[in-house]
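Per my numbering, the sequence shown runs over residues 67 to 274. Worksheet: one structure, shown below.
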Amino acid sequence: MKQLTTEQIQLIDQRLIDYGFGFIDVRVEVLDHILCLIETKENLDFQQAVDLVFEEQKDYLKEQKRMTFSRITGSKLHVKEVFLNPMFFIFWITFFVLYSFLPFNSKEDLIKETFMLPMSISFLSFFMYGFHFFKSKNKSMQTIRVFFTISTILTCYLYFIIPLVKKLNNQWSVMLISAASAVGLMMYYLFFYYKNKNEKKFKSLLNS
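Have a look at this one:
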């Protein structure tokens, strides 16, 4: 079979969505595999080749679909993706400068006024992730991992770092609160980063 057209690839992609592959990062891998097999069916027309490959690969498709949930629940927290990302340091420095110049009379005032800001910054992202998870047909496992990772970091901040902040001097307190605020902002940045990254992978398949 000659190289598939963009429209044909989109039809196969929609068939995988209908099959239950709602995570785009998993679906791109499966789609690439299926496309390669379809293109080997040289003596069949497009629809016959698609039907045959889906029938031949039904066990593979079921296994990939079954593994989707285990990939999410079995994955480690991607802490490095947060703390080693250059954008985290840009956000951290920005918040540090901002908090340093705010007119607080004492460290106690600073903590009182800012310690919940990291949680407040990430508040709207919970709705964004929830809507994306339940409604989108192009959700990403990476974005779900980001959600759990940053939620865990912010929970640790709330229960373990805040008591430490109260014992430190003013400069260190500002630094820790700034870092936590940067983590909250990373919730948004990494969501769109991985969303765009997976969409580019899909477009590369369409254009290949």
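All C-beta atoms in this analysis are idealised placements derived from N, C-alpha and C, irrespective of residue type, glycine included.
- One Cα belongs to Tyr255, the other to His144, and the distance between them is close to 15 angstroms.
- Counting only residues of its own chain and dropping the five nearest sequence neighbours on each side, Ser166 has a CB closer than 7 angstroms to the CB of Val240.
- The C-alpha of Lys107 lies about 36 angstroms from the C-alpha of Thr209.
- Here Lys267 carries a helix assignment [DSSP, helix/strand/coil].
- According to DSSP, residue pairing for Phe89 in a beta bridge involves Lys205.
- In this structure Ile75 touches Leu271 by the C-beta definition: roughly 6 angstroms separates them, less than 8 angstroms.
- For Ser191, the CB contacts under 6 angstroms within the same chain, skipping 5 residues up- and downstream, are Met253 and Tyr254 in chain order.
- With contact defined as three or more Cβ pairs closer than 8 angstroms, the segment 261-268 and the segment 144-164 are not in contact.
- The distance from the Cβ of Tyr195 to that of Phe257 is about 7 angstroms, consistent with a contact at the 8 angstroms cut-off.
- Runs of the beta strand (DSSP E) lying entirely within the segment 121-197 and spanning at least 3 residues: none are present.
- Classified as buried, Arg93 has 16 or more neighbouring CB atoms from the shown chains inside 10 Å of its CB.
- By alpha-carbon distance to Leu251, the top candidate from Met185, Asn262, Ile104 and Lys261 is Met185.
- The Cβ atoms of Asn204 and Ile90 sit closer than 9 angstroms to each other.
- Per DSSP, reduced to three states, the secondary structure at Leu220 is helical.
- Lys124 sits away from Gly86, with the two beta carbons spaced by 9 angstroms or more.
- The Cβ-Cβ distance between Leu97 and Asp117 does not fall below 9 angstroms.
- In the three-state DSSP reduction, Lys261 falls in the helix class (H, G or I).
- Annotation: Ala248 to Val148 spans about 9 angstroms, alpha carbon to alpha carbon.
- Where Ile227 is concerned, there is no enclosing alpha helix (DSSP H), because DSSP gives it neither an H nor an E.
- Taking every protein chain shown into account, the CB of Trp238 has fewer than 16 other CB atoms within 10 angstroms, so this residue is exposed.
- Here Asn273 is near Thr72, since their CB atoms are less than 9 angstroms apart.
- Burial is judged here by how many other beta carbons sit within 10 angstroms of a residue's own beta carbon; Leu220 has at least 16 and is buried.
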